[in-house]
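Q: Protein sequences appear in the order of chains A and B. Count the first sequence with my numbering and you get residues 18 to 314, in order. Count the second sequence with my numbering and you get residues 283 to 507, in order. The beta carbon of each residue, even a glycine, is placed where N, CA and C say it ideally should be. Only a predicted model underlies this, so the values are computations on that prediction, with no experimental measurement involved. Here's a structure for you.
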Amino acid sequence: MRLSDGDELLGTTILATWLNHARCVCDEALTATVDVTGLSSTGRVALVIGKSCVTSDDELSDACRVLWDERVGSAKSDREVSLGAEELAGGCADEETTLTLSLVYDADDADEWTALAEVDLGVDTNRPAAPRGAQVVAGEGLAEVAFSAGEDDDESDDLKYQVLCTAGSAAGLARPPKAAFDSAVERCGADGDAALVAANVCAEANTGSASVTVAGLDDGTTYSFSVVAIDAAGNPSKRVVVGDATPAPEEDFWERYKRSGGSASGCSTSGAPGAEACLLLVLAVALLRGSREGGRG
Amino acid sequence: MITVLLSVLAAQPVGIAGFDFSLYRPGIDHELAASGATPYADLFGTARRPLWGGHVGALVPLGDHVAVTAALGLSFFSVDAKAFVDDGTASAPSSGAVRSGGDTSLAVMPWSLMFGARYTGLVKRTRFPIAPYAELGPAYATWSVSRGDGATTASGGTFGLGFGAGLLVELAALDRRAAAELAELGVRGVAIRAGVVHLALDGLGADGVLRLSDTTWSAGLELAF
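Right under this line is the structure:
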């Protein structure tokens, strides 16, 4: 039994996180290719999903669902079976579990089943809790977005957090990070949070309780910020609107010092080249000055 | 003088190395005291912050009473805070300026070559574990100012002098057995340093330099090997 998503053959690693909330809502399909060439033509094959679907008495467990069954018959060609995500998950309600998709075979029509192949399928339609306490403060060409992990989130959840920027857009940012979430709005146009789209991602953090700097913004432009938590299956939390911020020129220490009347010129300012050479020059000048003044004294 | 020099040349030098800690506040605002402007205090506050450092050098005993030292020291200080929103005026901003979301920081890295003397007579003759010391030498501090995006907006260097005085508590004198065990490992002595240090980082009075002077206490641990 081979499982594929379009032309892509899915391995166990991908299958462990494939069935997320967006895929379930959009009822995306897996294709199971079933090889029956070695089976008796009198038998029956089926695809079932659940946990421990073939009991010790070789019966099918009542807790498992039969997704497809067919007599093998004389036609010994491979069967391609389309399996919808919602059907695989048994509905898109919040759930996080691992199910086993089994190809089972009843050779003598005696309801005595043998598992021919089994594949574990991770089902995670449970969206993580939204971040809390989010706030944004604008700087010069940047904004700093701070937030805390959601109420039920902890480090073992392996969550990632992404900041979304709109008005102006993430497209204008220097190398915005790739979206880590899977959005049903984008995947199939499902109703939902229309702003939860990959193009709006502008920064990310790998831990909760983080402060993230969004750089590359235009001074004078007002940006709206929001933040989502994302679990390992790509499920985004409810989007938390942080608020608006307008980057504006700021006065750093050096500018404040100079405006206050400070006389130091330094070696280099704002990208002027030759800082290292200038430092050596400062040292040499200071040594010379010291020796001259010492000579006068 | 010649006698001292000959004694130094004839003596067996001992290597010394240690780390030092003090709380430091660069005296940048002293330059602007006449105008009342305090750009450093406005942004970073008036609290002293850690200055971490270390030194490595040599100690040369001159008889049982005195030893002279030469040590190269390097330390590091950094402070950061949220910058102010620029009010667009060229005048000095008011103290009620609004903080921005971006950071601004100042980093200072003082270097020094300190020559010193220690009175070791108490330790060697009476086993009282205290050795007073005094030292001075040239110092140079590189500094840089950066802003929220990490870009350096200004950098430079300030030349000056360093002075220090204090006490060394020779731990080996307190526990001879442990000292013997350490000696087998090549460690001749362990001492706690505590004293006062004055960094006169003012460009030796020159104009146009960032003044980074401060007088503060210093503590640390020193190994002789």
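Which of the residues in the region 320-350 of chain B, read from start to end, lie with their CB under 7 Å from any CB of chain A?
A: So the list reads P321, D324 and L325, given in the order they occur along the chain.
Q: Could you tell me the distance, in whole angstroms, from the CA atom of T277 (chain A) to the CA atom of F326 (chain B)?
A: The residue asked about is misnamed: residue 277 (chain A) is Ser in this sequence, not Thr. Straight-line Cα distance between these residues: approximately 15 Å.
Q: Going along the chain, which unbroken runs of the beta strand (DSSP E) with 3 or more residues stay wholly within the region 457-492 of chain B?
A: 471-482, all fully within the region 457-492 of chain B.
Q: In whole angstroms, give me the CA-to-CA distance for G237 (chain A) and S360 (chain B).
A: If I take the Cα positions, the gap works out to 31 Å.
Q: Check for me: the beta strand (DSSP E) holding D137 (chain A) runs from which residue to which?
A: Note, D137 (chain A): beta strand (DSSP E), T131 to D141.
Q: Residues of chain B with a CB under 8 Å from the CB of C43 (chain A): which are they?
A: The premise fails here: C43 (chain A) is roughly 38 Å from chain B at the closest Cβ pair, so nothing lies under 8 Å.
Q: Rounding to the nearest angstrom, what Cα-Cα distance links D24 (chain A) and R381 (chain B) in this structure?
A: Answer to the nearest angstrom: the Cα atoms are 54 Å apart.
Q: Below 9 Å between beta carbons: does that hold for V472 (chain B) and T497 (chain B)?
A: No, these two residues do not count as a Cβ contact at 9 Å.
Q: What is the rounded straight-line gap between the Cα of G108 (chain A) and the Cα of A166 (chain A)?
A: Roughly 28 Å separates the two Cα atoms.
Q: For the beta strand (DSSP E) containing P343 (chain B), list its first residue and its last residue.
A: Its beta strand (DSSP E) spans residues R331 to L344.
Q: For the region 373-402 of chain B, which residues have a beta carbon sitting closer than 9 Å to at least one beta carbon of chain A?
A: Listed in sequence order: S373, A374, P375, A379, R381, S382, G383, G384, D385, T386, S387 and L388.
Q: Within 10 angstroms of its Cβ, does R458 (chain B) collect 16 or more other Cβ (buried), or is it exposed?
A: Under this definition R458 (chain B) is an exposed residue.
Q: Could you list which residues in chain A have their beta carbon closer than 8 Å to that of D368 (chain B), in chain order?
A: Residues of chain A passing the Cβ test: E157, A265, P266, E267, E268 and E272.
Q: Put T320 (chain B) into one of helix, strand or coil per three-state DSSP.
A: It is coil, neither helix nor strand.
Q: Below 7 Å between beta carbons is the criterion; list the residues of the region 433-446 of chain B that meet it against any residue of chain A, in chain order.
A: Flagged, chain order: T435, A436, S437, G438, G439 and F441.
Q: Determine the burial state of N316 (chain A): buried for a count of at least 16 other Cβ atoms within 10 Å of its Cβ, exposed for fewer.
A: Residue 316 (chain A) lies beyond the range of chain A shown here (18 to 314); nothing can be said about it.
Q: Can you name, in chain order, every residue of its own chain whose Cβ lies under 8 Å from the Cβ of V71 (chain A), other than the five neighbours on each side?
A: Taken in chain order, the residues that qualify are L77, S78, S119, V121, W130, T131 and A132.
Q: Quick one: is L314 (chain B) near chain A, going by C-beta distance under 9 Å?
A: For L314 (chain B), the answer is yes, since a Cβ of chain A falls inside 9 Å of its Cβ.
Q: Can you say whether G487 (chain B) is buried or exposed, counting buried as having 16 or more other CB atoms within 10 angstroms of its CB?
A: Classification for G487 (chain B): exposed.
Q: In its own chain, which residues sit with a C-beta less than 8 Å from the C-beta of L27 (chain A), not counting the 5 before and 5 after it?
A: Only L20, S21, W35 and L47 meet the Cβ criterion.
Q: What does D302 (chain B) reach in chain A if we use C-beta pairs closer than 9 Å?
A: The contacting residues do not exist; D302 (chain B) stays about 23 Å from chain A at best.
Q: In chain B, which residues lie with their C-beta within 8 Å of the C-beta of V218 (chain A)?
A: Neighbours of V218 (chain A) on chain B: none; closest Cβ ~19 Å, over 8 Å.
Q: Along the beta strand (DSSP E) that carries R149 (chain A), what are the first and last residues, could you check?
A: That run of the beta strand (DSSP E) goes R149 to A155.
Q: So with Cβ pairs under 9 Å, would you call V491 (chain B) a contact of chain A?
A: With 9 Å as the cut-off, V491 (chain B) counts as an interface residue toward chain A.
Q: Which residues mark the beginning and the end of the alpha helix (DSSP H) in which C219 (chain A) is found?
A: No alpha helix (DSSP H) contains C219 (chain A), which is instead part of the beta strand (DSSP E) from V218 to A222.
Q: Should W271 (chain A) be labelled buried (16 or more other beta-carbon atoms within 10 Å of its own) or exposed?
A: It counts as buried.
Q: Which whole-angstrom value describes the C-beta separation of L159 (chain A) and G384 (chain B), a residue pair presumed to lie in contact below a C-beta threshold of 8 Å?
A: Sure, about 6 Å apart at Cβ, within 8 Å.
Q: For A353 (chain B), which of helix, strand or coil comes out of DSSP?
A: Looking at A353 (chain B) - three-state DSSP - the assignment turns out to be strand.
Q: In terms of alpha-carbon separation, which member of A:S200, A:A201, A:A197 and A:V162 lies closest to C182 (chain A)?
A: For C182 (chain A), the nearest C-alpha among the options comes from A:V162.
Q: Provide the residue span of the beta strand (DSSP E) that contains A106 (chain A), from first to last.
A: Premise fails: A106 (chain A) lies in the alpha helix (DSSP H), A102 to A106, not in any beta strand (DSSP E).
Q: Taking 9 Å as the threshold (beta carbon to beta carbon), is S428 (chain B) in contact with chain A?
A: Cβ-Cβ to chain A under 9 Å: yes for S428 (chain B).
Q: Using a beta-carbon distance below 9 Å, is S357 (chain B) in contact with chain A?
A: S357 (chain B) does not count as touching chain A.
Q: With distances taken from CA atoms, which of A:I31, A:V53, A:A39 and A:C284 is nearest S437 (chain B)?
A: Cα-wise, what sits closest to S437 (chain B) is A:C284.
Q: With DSSP as the reference, label E452 (chain B) as helix, strand or coil.
A: Of the three classes helix, strand and coil, the one that applies to E452 (chain B) here is strand, per DSSP.
Q: Please tell me whether K406 (chain B) has its Cβ less than 9 Å away from any Cβ of chain A.
A: No, because no Cβ of chain A sits closer than 9 Å to the Cβ of K406 (chain B).
Q: Name, in chain order, the residues that DSSP records as bridge partners for K364 (chain B).
A: In the DSSP output, where bridge partners are listed per residue, K364 (chain B) has B:D385.
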